[in-house]
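Single-structure report; data block below.
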Amino acid sequence: MLAADLLCEADVAQEDLKVLISEADIQARVAELAEQISKDYENSGDLVLVGVLKGAFIFLADLSRQLTIPRVIEFIAVSSYGKGSRSSGAVRLVMDVRGNIEGKHVLIVEDIVDTGHTLEYLIGMINSHGPASVKTCALVRKADRAEVHVDVDYLGFDIPDEWVVGYGLDYAEKNRTLPYIGIIRPTD
Ligand code: PRP
């Protein structure tokens, strides 16, 4: 698909979305998570926040700006094969972190944990860099969809197994920049 096509295609119409988590509720929870993380990593040196592209970019931006501790930002990109209604569980590294994270405290920041395969893979990948510690943070988790158990140390919300968009989450690359998280209504 051409970039121009992506830009021209409209987002899912807002009347076809049902708000699941409002902008106010997201912002309040992000503030709580940031407060807890700031307490937990006080006096730990620079915390390395690793945002998982693409979906985590908005959550990472908001969360990182609410922290009161020293932090640095990294990104990592993965792709999963057979992603659709059911993930194949195979995850491939597309882009690794740029900086040296050996001996550093790392917090992986995800928008969503669905089957858990991506986060499980990422924990292994980050551990291969020899960090001081690795913890995980996700804004939402579909607990009913878990295929592997992965600890989420800082979780925003457990959500039902519905297709959600907004606040970084997409449907065919659309609706990522909505300030709230919405459920796409079935079209039939
Ligand atoms: C989403 C999300 C996680 C992954 C979770 O990424 O950002 O990385 O799926 O799914 P899992 O728990 O079943 O592994 P997606 O593949 O949609 O890519 P994107 O972030 O670029 O939209």
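The opening position of the sequence shown corresponds to residue 1 in our numbering, with each subsequent residue numbered one higher. Using N, Cα and C, we set each Cβ at its ideal position, and we do this for glycine too.
Apart from sequence neighbours up to five positions away, no residue of its chain approaches SER128 with a beta-carbon distance below 8 angstroms. Boundaries for ARG92: no alpha helix (DSSP H) harbours it, while the beta strand (DSSP E) harbouring it runs 91-95, taken from the DSSP string.
Between VAL106 and VAL152, the beta carbon gap of about 15 angstroms keeps them out of contact (Cβ cut-off 8 angstroms). One thing to note: THR136 has its Cβ no nearer than 9 angstroms to the Cβ of GLU162. Counting only the Cα atoms, LYS54 lies some 10 angstroms from GLU173. For LYS135, DSSP records a beta bridge to LEU107. ARG145 and ASP96 have their C-alpha atoms spaced approximately 27 angstroms apart. Excluding sequence positions up to five before and after GLY130, its CB lies within less than 6 angstroms of the CB of GLU102, all in the same chain and listed in chain order.
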